[in-house]
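J.: Before I ask anything, let me first share the structure, which is written out below as C-alpha coordinates.
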Amino acid sequence: MHIGERVREYRRMRRLTLRQLGAAADVSASFLSQLENGRTDASVGTLRRLATALGVAVADLIESGAPTAHRVLRREDRPEAGLGSGARKFMLTRPPLRHLEVYSAEFEPGGSTGEEQYTHGDAQELVLVLRGRASLYLGDEVHELAEGDSVEYATSVPHRLANAGEGTAEVLWIISPPTPDAETAGPSDPGAGSSDSGAKG
(Lines of atoms letter the chains of each structure in order from A and count residues from 1; the text may use other names and numbers.)
(Lines give C-alpha, C1' and ligand atoms only; values in the text may rest on other atoms or scores of the structure.)
Protein backbone atom coordinates (compact mmCIF):
# COMPACT_ATOMS: atom_id res chain seq x y z
CA MET A 1 0.00 0.00 0.00
CA HIS A 2 1.50 3.34 -1.06
CA ILE A 3 1.30 6.59 0.90
CA GLY A 4 -1.66 7.90 -1.08
CA GLU A 5 -3.70 4.77 -0.36
CA ARG A 6 -3.04 5.17 3.36
CA VAL A 7 -4.06 8.83 3.20
CA ARG A 8 -7.31 7.79 1.51
CA GLU A 9 -7.95 5.04 4.07
CA TYR A 10 -7.47 7.41 7.03
CA ARG A 11 -9.50 10.14 5.31
CA ARG A 12 -12.44 7.80 4.80
CA MET A 13 -12.20 6.56 8.39
CA ARG A 14 -12.55 10.19 9.47
CA ARG A 15 -15.41 10.74 6.99
CA LEU A 16 -13.63 13.68 5.40
CA THR A 17 -14.09 14.78 1.81
CA LEU A 18 -11.11 15.61 -0.37
CA ARG A 19 -12.01 19.29 -0.07
CA GLN A 20 -12.27 19.14 3.75
CA LEU A 21 -8.92 17.40 4.18
CA GLY A 22 -7.30 19.65 1.60
CA ALA A 23 -8.47 22.77 3.44
CA ALA A 24 -7.18 21.42 6.76
CA ALA A 25 -3.79 20.51 5.28
CA ASP A 26 -3.48 23.54 2.98
CA VAL A 27 -3.42 21.52 -0.25
CA SER A 28 -5.86 21.35 -3.15
CA ALA A 29 -8.47 18.63 -3.56
CA SER A 30 -7.07 17.85 -7.02
CA PHE A 31 -3.59 17.31 -5.54
CA LEU A 32 -5.05 14.98 -2.91
CA SER A 33 -6.89 13.01 -5.57
CA GLN A 34 -3.66 12.56 -7.53
CA LEU A 35 -1.78 11.59 -4.35
CA GLU A 36 -4.39 9.03 -3.32
CA ASN A 37 -4.29 7.48 -6.79
CA GLY A 38 -0.49 7.28 -6.85
CA ARG A 39 -0.05 9.87 -9.61
CA THR A 40 2.07 12.29 -7.56
CA ASP A 41 4.24 12.39 -4.46
CA ALA A 42 4.06 14.58 -1.35
CA SER A 43 6.85 16.55 0.28
CA VAL A 44 7.77 15.97 3.92
CA GLY A 45 6.07 19.24 4.86
CA THR A 46 2.86 18.21 3.09
CA LEU A 47 2.92 14.80 4.79
CA ARG A 48 3.26 16.50 8.16
CA ARG A 49 0.25 18.72 7.48
CA LEU A 50 -1.79 15.76 6.25
CA ALA A 51 -0.86 13.71 9.31
CA THR A 52 -1.85 16.56 11.62
CA ALA A 53 -5.17 17.02 9.84
CA LEU A 54 -5.89 13.29 10.05
CA GLY A 55 -4.81 12.98 13.68
CA VAL A 56 -2.10 10.43 12.95
CA ALA A 57 1.68 10.32 13.06
CA VAL A 58 3.68 10.83 9.87
CA ALA A 59 4.97 7.29 10.38
CA ASP A 60 1.38 6.02 10.06
CA LEU A 61 1.31 7.37 6.51
CA ILE A 62 4.74 6.07 5.57
CA GLU A 63 5.00 2.66 7.24
CA SER A 64 3.72 -0.30 5.28
CA GLY A 65 2.10 -3.42 6.61
CA ALA A 66 -0.46 -3.88 9.34
CA PRO A 67 -0.31 -1.61 12.39
CA THR A 68 1.07 -3.01 15.60
CA ALA A 69 -1.42 -4.43 18.09
CA HIS A 70 -0.35 -2.02 20.84
CA ARG A 71 0.10 1.69 20.20
CA VAL A 72 1.33 4.09 22.87
CA LEU A 73 0.24 7.72 22.64
CA ARG A 74 2.25 9.99 24.92
CA ARG A 75 0.48 12.91 26.58
CA GLU A 76 2.63 15.46 24.78
CA ASP A 77 1.89 13.82 21.40
CA ARG A 78 -1.92 13.89 21.64
CA PRO A 79 -3.45 15.61 18.58
CA GLU A 80 -5.41 18.69 19.65
CA ALA A 81 -8.80 19.31 18.06
CA GLY A 82 -10.92 22.44 17.92
CA LEU A 83 -13.36 23.20 20.72
CA GLY A 84 -15.14 26.19 22.23
CA SER A 85 -13.89 29.10 24.30
CA GLY A 86 -11.57 28.39 27.23
CA ALA A 87 -11.30 24.71 26.34
CA ARG A 88 -8.82 22.28 24.82
CA LYS A 89 -9.72 18.89 23.37
CA PHE A 90 -7.34 16.01 22.65
CA MET A 91 -7.86 12.96 20.47
CA LEU A 92 -6.87 9.74 22.25
CA THR A 93 -7.79 7.30 19.48
CA ARG A 94 -6.23 7.29 16.05
CA PRO A 95 -6.92 5.31 12.88
CA PRO A 96 -7.10 2.40 12.18
CA LEU A 97 -9.38 2.10 15.25
CA ARG A 98 -12.65 2.02 13.30
CA HIS A 99 -15.47 1.70 15.80
CA LEU A 100 -14.60 4.06 18.63
CA GLU A 101 -13.49 7.63 19.26
CA VAL A 102 -12.17 8.80 22.62
CA TYR A 103 -11.40 12.42 23.49
CA SER A 104 -10.28 14.16 26.64
CA ALA A 105 -10.93 17.85 27.21
CA GLU A 106 -9.86 20.49 29.71
CA PHE A 107 -12.11 23.46 30.49
CA GLU A 108 -10.84 26.58 32.23
CA PRO A 109 -13.27 28.36 34.59
CA GLY A 110 -16.04 29.72 32.37
CA GLY A 111 -14.96 27.50 29.47
CA SER A 112 -17.42 25.49 27.37
CA THR A 113 -17.92 23.71 24.06
CA GLY A 114 -19.57 26.91 22.83
CA GLU A 115 -22.61 29.04 23.51
CA GLU A 116 -24.89 26.88 21.40
CA GLN A 117 -25.96 23.26 21.46
CA TYR A 118 -24.91 21.03 18.56
CA THR A 119 -25.31 17.52 17.16
CA HIS A 120 -22.97 15.20 15.28
CA GLY A 121 -24.33 12.12 13.55
CA ASP A 122 -26.40 9.50 15.37
CA ALA A 123 -24.10 7.49 17.62
CA GLN A 124 -23.80 6.59 21.28
CA GLU A 125 -21.82 8.99 23.44
CA LEU A 126 -20.68 8.86 27.04
CA VAL A 127 -19.17 11.79 28.93
CA LEU A 128 -17.29 11.17 32.17
CA VAL A 129 -16.08 13.95 34.47
CA LEU A 130 -12.50 13.19 35.49
CA ARG A 131 -11.87 16.35 37.49
CA GLY A 132 -13.90 19.32 38.70
CA ARG A 133 -17.56 19.98 37.94
CA ALA A 134 -19.46 20.33 34.65
CA SER A 135 -22.92 21.22 33.40
CA LEU A 136 -24.23 19.11 30.53
CA TYR A 137 -27.03 20.76 28.54
CA LEU A 138 -28.90 17.94 26.82
CA GLY A 139 -31.89 19.15 24.84
CA ASP A 140 -34.21 20.78 27.41
CA GLU A 141 -32.43 19.12 30.33
CA VAL A 142 -29.45 20.28 32.40
CA HIS A 143 -27.32 17.76 34.29
CA GLU A 144 -24.92 18.97 36.99
CA LEU A 145 -21.99 16.56 37.09
CA ALA A 146 -19.31 16.10 39.74
CA GLU A 147 -16.05 14.18 39.55
CA GLY A 148 -16.76 10.56 38.64
CA ASP A 149 -20.27 11.25 37.26
CA SER A 150 -21.15 10.18 33.71
CA VAL A 151 -24.05 10.54 31.26
CA GLU A 152 -24.93 8.51 28.16
CA TYR A 153 -26.91 9.98 25.26
CA ALA A 154 -27.32 9.96 21.49
CA THR A 155 -25.17 12.40 19.52
CA SER A 156 -28.28 13.36 17.52
CA VAL A 157 -29.64 15.09 20.65
CA PRO A 158 -28.54 18.76 20.82
CA HIS A 159 -25.99 19.19 23.60
CA ARG A 160 -23.23 21.35 25.03
CA LEU A 161 -20.95 21.14 28.05
CA ALA A 162 -19.60 23.89 30.32
CA ASN A 163 -17.31 24.11 33.33
CA ALA A 164 -19.52 24.57 36.39
CA GLY A 165 -16.76 25.05 38.94
CA GLU A 166 -14.13 27.57 39.94
CA GLY A 167 -11.22 25.36 38.94
CA THR A 168 -10.24 23.48 35.78
CA ALA A 169 -12.61 20.70 34.72
CA GLU A 170 -11.47 17.66 32.78
CA VAL A 171 -13.80 15.27 30.97
CA LEU A 172 -13.57 12.16 28.83
CA TRP A 173 -15.81 11.56 25.79
CA ILE A 174 -16.35 8.11 24.30
CA ILE A 175 -18.23 7.94 20.98
CA SER A 176 -19.24 4.79 19.09
CA PRO A 177 -19.24 4.64 16.16
CA PRO A 178 -17.15 7.70 15.15
CA THR A 179 -19.25 10.60 13.89
CA PRO A 180 -18.84 13.57 11.55
CA ASP A 181 -18.18 17.03 12.91
CA ALA A 182 -20.85 19.10 14.64
CA GLU A 183 -23.98 20.17 12.80
CA THR A 184 -26.55 22.84 13.53
CA ALA A 185 -29.13 21.81 16.08
CA GLY A 186 -31.95 23.93 14.61
CA PRO A 187 -33.58 27.22 15.58
CA SER A 188 -35.89 25.58 18.12
CA ASP A 189 -32.93 24.62 20.26
CA PRO A 190 -30.87 26.98 22.45
CA GLY A 191 -28.61 27.77 19.49
CA ALA A 192 -26.77 25.43 17.19
CA GLY A 193 -23.17 24.36 16.92
CA SER A 194 -21.17 25.22 13.84
CA SER A 195 -19.50 22.57 11.74
CA ASP A 196 -16.54 24.93 11.44
CA SER A 197 -15.87 24.71 15.17
CA GLY A 198 -14.81 21.09 15.00
CA ALA A 199 -16.75 20.52 18.21
CA LYS A 200 -17.56 16.95 19.02
CA GLY A 201 -18.49 15.38 22.32
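Residue numbers for the sequence shown follow numbering that gives the first Met the number 0, beginning at 0 and rising by one. Beta carbons: idealized from backbone N, C-alpha and C, even for Gly.
#1: Per DSSP, what are the beta-bridge partners of A168 in this structure?
#2: Sorted by chain position, which residues of the same chain lie with C-beta nearer than 6 angstroms to E4's C-beta, five sequence neighbours on each side aside?
#3: Which of the three DSSP states, helix, strand or coil, is assigned to T118?
#4: Give the straight-line distance between the Cα atoms of S244 and R70, rounded to the nearest whole angstrom.
#5: Under three-state DSSP, which class holds L127?
#6: What residues in its chain sit with their C-beta under 6 angstroms from that of L171, if we drop five residues either side in the sequence?
#7: In terms of residues, what are the limits of the beta strand (DSSP E) holding R38?
#8: When the Cα of E114 is compared with those of H1, R159, L17, which residue comes out closest?
#9: Going by DSSP in three states, L31 sits in which element: helix, strand or coil?
#10: Work out the CA separation of H142 and V55 for me, nearest whole Å.
#11: Excluding sequence positions up to five away, which residues of its chain have a Cβ less than 8 angstroms from the Cβ of E107?
#12: G83 and T112 - do their beta-carbons sit closer together than 8 angstroms?
T.: Taking the definition as stated:
#1: As a working mapping, residue 168 is identified with position 169 in the sequence shown. DSSP, once it has assigned bridges, lists F106 as partnering A168.
#2: Residue 4 sits at position 5 when you count from the first residue of the sequence shown. Cβ neighbours of E4 beyond the five flanking positions: none.
#3: Your numbering for residue 118 matches position 119 in the sequence shown. The answer is strand: DSSP assigns T118 an E or B state.
#4: Look at the range of the chain in this structure, 0 to 200, and you will see that residue 244 is not part of it.
#5: In the sequence shown, residue 127 corresponds to position 128, counting from 1. If DSSP states are grouped into helix, strand and coil, L127 belongs with the strands.
#6: Here residue 171 corresponds to residue number 172 of the sequence shown, with the count starting at 1. Taken in chain order, the residues that qualify are S103, L127, L129.
#7: Taking the first residue of the sequence shown as 1, we reach residue 38 at position 39. Here R38 belongs to no beta strand (DSSP E), and DSSP marks it neither H nor E.
#8: The residue given as residue 114 occupies position 115 in the sequence shown. Taking only the C-alpha atoms, the option nearest E114 is R159.
#9: Sequence index remark: in the sequence shown, residue 31 carries index 32 (1-based). Residue state, collapsed to three classes: helix.
#10: One-based indexing of the sequence shown puts residue 55 at position 56. One-based indexing of the sequence shown puts residue 142 at position 143. Approximately 34 angstroms between the Cα atoms of the pair.
#11: One-based indexing of the sequence shown puts residue 107 at position 108. Around E107: G85, A86, N162, T167.
#12: Working through the sequence shown from its first residue, we reach residue 112 at position 113. Working through the sequence shown from its first residue, we reach residue 83 at position 84. In contact: T112 and G83 (Cβ atoms closer than 8 angstroms).
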